[in-house]
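Notes to accompany the following structure.
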Amino acid sequence: MTIAVYLVVYLALIVFIVAVVQRIVRYLKKPVHVRWELYPVAHEGHRASYGGSYLEDVDWWKKPRHSSLLGELKVMIPEILLLKAVFEHNRRLWYVSFPFHFGLYVLIGFIVLLKVGAMLELAGYTVGDGGPGLGNAVAALTGFVGPLGYLLCLVGAVGLLLRRFGDPTLRNYSSFSHFFNLLLFIALIVLSSIVWLTIDPHFQMLRGFVKGLITLSFAPLDNALFAAQIIFAALVIAYIPLTHMSHFFMKYFLWHDIRWGDKPNIDAPDIASRIATVLNYPVSWAAPHIAGDGKKTWAEVATTNPAQPKAAKE
C-alpha cells in the first residue's frame, strides 16, 4: 500500500502540472480578443487615478510607453488576497468567499512549511521537540498554520454551499460542479481534521511523508486513515486545474491580457499576424450594422458600409 500511495501523489502532481501548462498554452493559442477599452488600467501609473491612458498624449504613437508594475501590484494583491472586488460589490458573498479562498492560501503556506520542515530534518535539524531553534520554530508555525487553514476553508466552503442553496439569484448561476466542488473540499477538510485531531496532532507523520516524497524513500504507512487522507488530497490537487477552479492561475491572463491589454498594433508583427488570421474568419452576426451572412469575412465587414445603399443592377 505504501508505494501505491506515493505513486498516486507523484501522478497527481504530474497531472496538475500538465493540466496547468495545457490550459495556459490553449489560452495563448486562442484568437486575439477584442480590446475592452475599460479604464482605469492599473499600469498607467498616475493616469489610473482618473481613468486616463497613454492615448491622451499628442502623437502618442511616436513616444515610448511607460508601464507601472507597482500600479498593477497595488490592484492585484488586494484582489487576489482579499477579494477586494467581491467585498465592494457583494459584501454578503464576501463574508463566506473570503475565508474559503484565504484558507486555501493558508493551506498552500502549510504545504510549504511541511516541505521546509522536511528539508530541515534532512539537513540534520531537529523539528518538533519543543525546544529552541529554527526547526522547532518551523514546527510551531506549521502546527498553527495547518489548523487555521482547515478552519477557514471549512467555514468558507460550508458558507458558500449554504449561500448557493439559499440565495435564489446565486442559485440560478450555480451548476452541479459548484456544489460538487464545495462538498469535495468539505469532505477533504473534515477528513484532514480528523487525522490531525486523532492521529497526527503535530503533523510529524505528514512531514515524514513529505520527506519521503523528496528523497524517494518510501517509509511504511501503517495507518489507513492517514493514507486515505493523502490519496484524497492528491486527487483533489490533480482535479483542480481540470475544472473552472483553474481561475486561480488563469486570472493572471484575464487581468493582464484582456482587462489591461492595451498594447498598440504598432511595430508589433505578432499582433498584426493574429489580427490578420481573425480578419479571415467568416461572420454570421446578422445584426444590421454587421450584416454577416456566414460567408463574409471580418475583413469584408470592416471595409464595407452596410448602411450604404447597394448599387442598382443594370
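Under the numbering used here, the first residue of the sequence shown carries the number 58, and numbering increases by one thereafter.
Cβ atoms here follow ideal geometry from the backbone N, Cα and C, with glycine treated the same way.
Where does Pro363 sit, in a helix, a strand or coil, going by DSSP? Counting from 1 along the sequence shown, the entry for residue 363 is found at position 306. The three-state secondary structure of Pro363, taken from DSSP, is coil.
Helix, strand or coil at Thr354 [DSSP, three-state]: What you label residue 354 is simply residue 297 of the sequence shown in a count that begins at 1. The three-state reading of DSSP puts Thr354 in strand, counting E and B together.
Might you give, ordered along the chain, the residues of its own chain that have their beta carbon closer than 7 Å to the beta carbon of Val293, omitting 5 neighbours on each side? Looking up residue 293 in the sequence shown gives position 236. Closer than 7 Å at the Cβ level, and outside the excluded window around Val293, lie Leu241 and Leu245.
Glu113: buried (16+ other C-beta within 10 angstroms of its C-beta) or exposed? Within the sequence shown, the letter at position 56 stands for residue 113. When all chains shown are included, Glu113 counts as exposed.
In or out: His158 buried (at least 16 other Cβ within 10 Å) or exposed? Position 101 of the sequence shown, counting from 1, holds the residue named residue 158. By the neighbour-count rule (16 or more Cβ atoms within 10 Å), His158 is buried.
Determine the extent of the alpha helix (DSSP H) in which Asn238 is found, giving its start and end residues. Your numbering for residue 238 matches position 181 in the sequence shown. Segment Phe233 to Thr255, the alpha helix (DSSP H) holding Asn238.
Which value, in whole angstroms, describes the spacing of the CA atoms of Leu161 and Asp350? The sequence position of residue 161 within the sequence shown is 104, counting from 1. The sequence position of residue 350 within the sequence shown is 293, counting from 1. A direct Cα-to-Cα measurement between Leu161 and Asp350 gives close to 48 Å.
Run of the alpha helix (DSSP H) containing Asp327, from where it starts to where it stops: Locating residue 327 in the sequence shown gives position 270, where the first residue counts as 1. Taken as a continuous stretch (DSSP letters only), the alpha helix (DSSP H) holding Asp327 covers Pro326 to Leu336.
Can you pull the DSSP bridge partners for Pro339? Locating residue 339 in the sequence shown gives position 282, where the first residue counts as 1. Partner(s): Thr354.
Within 8 Å, strictly: CB atoms of Leu170 and Val202: Along the sequence shown, read from residue 1 onward, the residue named residue 170 stands at position 113. Along the sequence shown, read from residue 1 onward, the residue named residue 202 stands at position 145. Yes; because the gap between Cβ atoms is below 8 Å, this pair is in contact.
Are three or more beta carbon pairs between the region 330 to 339 and the region 352 to 359 nearer than 8 Å? Judged by Cβ distances under 8 Å, the region 330 to 339 makes contact with the region 352 to 359, as three or more pairs qualify.
Limits of the alpha helix (DSSP H) - the one that Leu219 falls within: For the purposes of this step, residue 219 is taken as the residue at position 162 of the sequence shown. Start and end: Leu191 to Gly223.
For Ala290, the nearest candidate out of Pro189, Val212, Leu140 and Leu164 (CA to CA): Walking along the sequence shown from the start, residue 290 turns up at place 233. That would be Leu164, whose Cα lies nearest to the Cα of Ala290.
Please list the segments of the alpha helix (DSSP H) lying wholly inside the region 272 to 335, counting only runs of 4 or more residues, in order along the chain. Under the rule that a run must span 4 or more residues, the alpha helix (DSSP H) segments found entirely inside the region 272 to 335 read 281 to 296 and 304 to 310.
Please state whether the Cβ-Cβ distance between Gly174 and His259 is less than 8 Å. Counted from its first residue, the sequence shown places residue 174 at position 117. Counted from its first residue, the sequence shown places residue 259 at position 202. No; because the gap between Cβ atoms is not below 8 Å, this pair is not in contact.
Return the CA-CA distance between Glu145 and Ile243, expressed in angstroms with no decimal places. Looking up residue 145 in the sequence shown gives position 88. Looking up residue 243 in the sequence shown gives position 186. For Glu145 and Ile243, the distance between alpha carbons rounds to 27 Å.
Whole-angstrom distance between Lys352 and Glu371, CA atom to CA atom: Your numbering for residue 371 matches position 314 in the sequence shown. Your numbering for residue 352 matches position 295 in the sequence shown. Confidence at Glu371 is low in this model, with a pLDDT of 49, below 50, so the placement of that residue should be treated as unreliable; the coordinate-derived value is given next. Between Glu371 and Lys352, the alpha-carbon positions lie close to 25 Å from each other.
Buried versus exposed call for Lys131 [16 or more other C-beta atoms within 10 Å across all chains shown]: Position 74 of the sequence shown, counting from 1, holds the residue named residue 131. In this structure Lys131 is exposed. Its beta-carbon is surrounded by fewer than 16 other beta-carbon atoms within 10 angstroms.
Pick from Val89, Leu70, Val65 and Ala69 that is closest to Ser330, judged by C-alpha positions: Here residue 330 is taken as the residue at index 273 of the sequence shown, counted from 1. The candidate whose alpha carbon is nearest that of Ser330 is Val89.
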